[in-house]
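S.K.:
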Amino acid sequence: MQLAANPFTAALKARHKQIGLWISLSNNFAAEVVAGAGYDWALIDMEHSPNDYFSVLGQLQAFAAYPTTAIVRVEWNDAVSVKRLLDLGAPGLLFPVIQSVEEAQRAVAATRYPPQGVRGVSGSTRATRFGRVVDYTARIADETAVLLQLETRAAVEQAEAIAAVDGVSGIFFGPADIAADMGKLGQPMAPEVWALIRPAAQRLIAKGVPVGTLVLDPVFAAQLLNEGFTFVACGADTAILSKGSDALLAQVKGALA
Numbered sequence: 004m005q006l007a008a009n010p011f012t013a014a015l016k017a018r019h020k021q022i023g024l025w026i027s028l029s030n031n032f033a034a035e036v037v038a039g040a041g042y043d044w045a046l047i048d049m050e051h052s053p054n055d056y057f058s059v060l061g062q063l064q065a066f067a068a069y070p071t072t073a074i075v076r077v078e079w080n081d082a083v084s085v086k087r088l089l090d091l092g093a094p095g096l097l098f099p100v101i102q103s104v105e106e107a108q109r110a111v112a113a114t115r116y117p118p119q120g121v122r123g124v125s126g127s128t129r130a131t132r133f134g135r136v137v138d139y140t141a142r143i144a145d146e147t148a149v150l151l152q153l154e155t156r157a158a159v160e161q162a163e164a165i166a167a168v169d170g171v172s173g174i175f176f177g178p179a180d181i182a183a184d185m186g187k188l189g190q191p192m193a194p195e196v197w198a199l200i201r202p203a204a205q206r207l208i209a210k211g212v213p214v215g216t217l218v219l220d221p222v223f224a225a226q227l228l229n230e231g232f233t234f235v236a237c238g239a240d241t242a243i244l245s246k247g248s249d250a251l252l253a254q255v256k257g258a259l260a
C-alpha cells in the first residue's frame, strides 16, 4: 500500500484557495455533522478546547470519510505531542505561539525522522495503516503540512525569517492574540491589528509563502483569500452553534403575540 497524497499540502504548494472551519466541540459525532459540508480543511483544536488524544482520533476518523483535510493544532511546540498526533495519522499540524526561528526549527524537527529531525519511529500505527503503507517513512515529510502560528508583534516582525525555515508549509496569523499583544484584547478585527498583519502577509505572499488565518466574518474571509491568503478558516463550530441557537430563539420570541 502506498501513502496517499495530502490534498491540503498539495493545495498550499499550488496556492489554491482553501476555505476552512475551526473545530472545538471535541466530539466525533459533531465532527461528522460538519465533515460533509465540503470545507477544504478543518482545524481540530487542542490548545483551546477539551480535546485529548482519543477525541482527536475519533474526529480524524470522522473526517477521513470526506474530502475535508483535518489539521490538528497541538497544545504546544512539544515533540512528544507531535509524535503522538502524527502516529494517529494527523495529516498536518498547526503550532501555536511560534516566536523565533529556533522555535520554528524545533517544530519542524518534531515532524521529521532522524537524521533530519527527532520524531520517534513506530512501524505499526494508524498513520502507517498499521504497517501496511510501505513508503511511509520515505514520503511523510513531504506530505505533512507544518503550519506555524504567529501571535505577537515580535513574531510578526520575524515572519519572513520564520517562514524561510526549511520544512515550513505555511504561516498562520492569530489576530486575537496579536490584538491582545497590541493592547486590543478582545478586538481581533481592530483596524490596527490588520494594519500589522496585512503588510506582513503580503511580504510573505510575494515570496511564495502560503498564508492563513481565522476570522469569523465570512465577507472578510473571502476578502483575505482574494488578497492572496491561501488558507482561511471562516468560522468555528462552537460559534455556529451558539449564534444559530441564539438567533433561532430570538426569532421565535420575536414572533410571539
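Numbering (this note's numbering), first residue to last: 4 to 260. Quick reminder that beta carbons are idealized off the backbone N, C-alpha and C, glycines included.
1. Given a cut-off of 8 Å on the beta-carbon distance, is the pair Thr71 and Asn9 in contact?
2. Whose C-alpha, out of Ala110, Glu105, Val104 and Tyr69, is nearest the C-alpha of Arg76?
3. Just to confirm before moving on: does the CB-CB distance between Tyr42 and Gly61 stay below 8 Å?
4. Can you give the Cα-Cα distance for Ala260 and Ser248, rounded to whole angstroms?
5. From Val212, Ala182 and Leu188, pick the residue whose C-alpha is nearest to that of Ala198; which is it?
6. Are three or more beta carbon pairs between the stretch 157-171 and the stretch 89-105 nearer than 8 Å?
7. Measuring straight from C-alpha to C-alpha, what distance separates Phe11 and Val137?
8. Could you tell me which whole alpha helix (DSSP H) segments of length 4 or greater appear in the stretch 20-98?
9. Where does Val159 sit, in a helix, a strand or coil, going by DSSP?
10. From the DSSP output, in three-state form, read off Phe133 for me.
11. Along the chain, where does the alpha helix (DSSP H) containing Ala224 start, and where does it finish?
12. Three Cβ pairs or more, each shorter than 8 Å: is that satisfied between the stretch 18-35 and the stretch 48-59?
13. For Gln152, which beta-bridge partners are listed by DSSP?
14. Taking only the alpha-carbon atoms, compute the straight-line gap between Lys16 and Leu96 and give it to the nearest angstrom.
15. According to DSSP, is Ala14 helix, strand or coil?
M.R.: Looking at the atomic coordinates:
1. No, Cβ-Cβ distance for Thr71 and Asn9 is not below 8 Å.
2. Measuring from the Cα of Arg76, the nearest candidate turns out to be Ala110.
3. Result no, Cβ atoms of Tyr42 and Gly61 do not sit closer than 8 Å.
4. Their Cα atoms are separated by approximately 21 Å.
5. Ranking the options by Cα distance to Ala198, first place goes to Ala182.
6. With a cut-off of 8 Å, the stretch 89-105 and the stretch 157-171 count as touching, because enough Cβ pairs lie within range.
7. Near 22 Å, if we compare the C-alpha coordinates of Val137 and Phe11.
8. Unbroken alpha helix (DSSP H) runs of no fewer than 4 residues, entirely contained in the stretch 20-98, are found at 31-38, 56-67 and 82-90, following chain order.
9. Three-state result, Val159: helix.
10. Residue state, collapsed to three classes: coil.
11. From DSSP, the alpha helix (DSSP H) with Ala224 extends over Pro221 to Glu230.
12. Counting Cβ pairs under 8 Å, three or more are found: they touch.
13. Beta-bridge pairing links Gln152 to Phe175.
14. Spanning the alpha carbons of Lys16 and Leu96 requires a straight line of approximately 16 Å.
15. In this structure, DSSP gives Ala14 a helical state, which the three-state scheme calls helix.
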